[in-house]
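Below: the structure, in structure tokens.
Numbering (this note's numbering), first residue to last: 154 to 476.
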């Protein structure tokens, strides 16, 4: 869920890992040390992807690898689903990463040169496999969904605040964030609602459709059409009027489907699709469904692979037969 292609620019080249492996600090008050680029024209490195072998690692856009040994790989023995894969997320902008830390099993946020920050004291590794996190594109907002079903944690990290669910009910599901991270699209018992970061209602559409992507105008949304998981069609929805546009078939290669649907910051429709070797990213015409390939990413030979903007589970994330 929620791949925001501010990210596409980070993947102009997928780095070949030739740089040094930087070992992370111990769990108590850790801070990663990452080499900084020199020269006025050099851009600071961001996270190209995360991978798990024996432990979690970050592969940076400059090719360096940063180990994160304090991140749990699997749910601990006293968890509801002991041994299940522990979530590890990277924000869409490639600047923030999230994991359950070993020292106290709490879910934390970090930047490459920053210290750990607890997202919510009520969210721990005990509920791995029963509660799933999602992160806004800029890494400033975290929402968890539970097997209840419903929402669990709604945390605004800019304000260091955990908010109660809107309407005094947890019977909501996260459908998406706007690319600028200023709006949340939630689905509830009476349909979809656009909320601001303080969970105040900004738009309550009159529609029974369930779009999964929200543009930066906070009115235009996109919905996959078809049967899960083999979606090959989409349509736009005007949330102000509740009316849907024409359904278009996305021109994907045979055997590929719309695995992830989103908008970029300019309002263009972006689709990610699993391929035989990894992931392909397309820009899609709203009018015709024509898909323009932006780039392909080949999956490394690791147990688990996480791209910026990934949700807790993506079809390309795990090597077959591994967890």
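Beta carbons are placed, not taken as given, at the ideal position from N, Cα and C, and that holds for glycine.
Quantities reported herein were computed from a predicted structural model and do not represent experimental measurements.
Check: Exposed or buried, residue 210, counting other C-beta atoms within 10 Å across all chains shown (16 or more means buried)?; Outcome: buried
Check: Can you tell me which residues form a DSSP beta bridge with residue 242?; Outcome: 251
Check: Tell me which same chain residues have a C-beta within less than 6 Å of the C-beta of residue 285, skipping the five on either side of it?; Outcome: 298 and 465
Check: What separation, rounded to the nearest whole angstrom, lies between the Cα atoms of residue 368 and residue 440?; Outcome: 16 Å
Check: What are the start and end residues of each continuous beta strand (DSSP E) run of 3 or more residues lying completely inside the stretch 331 to 362, in chain order?; Outcome: 336 to 341, 344 to 349 and 354 to 356
Check: Restricting to Cα atoms, I'd like to know which of 344, 360 and 460 is closest to residue 327.; Outcome: 344
Check: Do three or more CB pairs link the stretch 318 to 325 to the stretch 362 to 378 at distances below 8 Å?; Outcome: no
Check: Taking the beta strand (DSSP E) that residue 467 falls in, what are its first and last residues?; Outcome: Neither: residue 467 is in no beta strand (DSSP E) and is coded neither H nor E.
Check: Which whole-angstrom value describes the C-beta separation of residue 310 and residue 272, a residue pair presumed to lie in contact below a C-beta threshold of 8 Å?; Outcome: 7 Å
Check: Smallest Cα separation from residue 248: which of 208, 293, 223 and 381?; Outcome: 293
Check: Am I right that residue 281 and residue 250 are in contact with their C-beta atoms under 8 Å? What's the rounded C-beta distance?; Outcome: So it is not a contact: roughly 17 Å between Cβ atoms.
Check: Going by C-alpha to C-alpha distance, which of 226, 459, 288 and 221 sits closest to residue 267?; Outcome: 221
Check: Below 8 Å between beta carbons: does that hold for residue 230 and residue 241?; Outcome: no
Check: Nearest by alpha-carbon distance to residue 472: which of 243, 304 and 205 is it?; Outcome: 205
Check: What number of angstroms, rounded off, separates the C-alpha of residue 155 from the C-alpha of residue 413?; Outcome: With a pLDDT of 48 at residue 155, under the threshold of 50, the modelled position of that residue is not reliable, and the figure given next carries that caveat. Straight-line Cα distance between these residues: approximately 7 Å.
Check: Taking the CB atoms as reference points, tell me whether residue 470 and residue 457 lie closer together than 8 Å.; Outcome: yes
Check: Judging by CA-CA distance, which residue of 452, 198, 453 and 374 is the nearest neighbour of residue 265?; Outcome: 198
Check: Does the Cβ-Cβ distance between residue 334 and residue 370 come in under 8 Å?; Outcome: no
Check: When DSSP builds the beta bridges, which residues end up paired with residue 381?; Outcome: Answer by DSSP bridge pairing: none, since residue 381 is not bridged.
Check: Output the boundary residues of the beta strand (DSSP E) element that contains residue 438.; Outcome: Run containing residue 438: none; DSSP gives neither H nor E here.
Check: Any idea which residues DSSP pairs residue 453 with across the strands?; Outcome: Its beta-bridge partners do not exist; DSSP assigns none.
Check: Can you say whether residue 342 is buried or exposed, counting buried as having 16 or more other CB atoms within 10 angstroms of its CB?; Outcome: exposed
Check: Quick one: grab the DSSP three-state call for residue 458.; Outcome: strand
Check: Can you check whether the CB of residue 444 is closer than 8 Å to the CB of residue 403?; Outcome: yes
Check: Expressed to the nearest angstrom, what Euclidean distance is found between the alpha-carbon atoms of residue 347 and residue 355?; Outcome: 6 Å
Check: Could you give the residue range of the beta strand (DSSP E) that holds residue 303?; Outcome: 303 to 309
Check: Could you spell out the range, first to last residue, of the beta strand (DSSP E) harbouring residue 371?; Outcome: Careful: residue 371 lies outside any beta strand (DSSP E) and carries neither H nor E.
Check: Does DSSP put residue 396 in a helix, in a strand, or in coil?; Outcome: strand
Check: Could you tell me which residues DSSP puts in a beta bridge with residue 204?; Outcome: 210 and 458
Check: Measuring only the C-alpha atoms, how far is residue 377 from residue 422?; Outcome: 12 Å
Check: When burial is assigned at 16 or more other CB atoms within 10 Å of the CB, is residue 411 buried or exposed?; Outcome: buried
Check: Applying the 10 Å Cβ sphere with the 16-neighbour rule, what's the burial state of residue 238?; Outcome: buried
Check: Output yes or no for whether 8 Å exceeds the beta carbon distance between residue 259 and residue 274.; Outcome: yes
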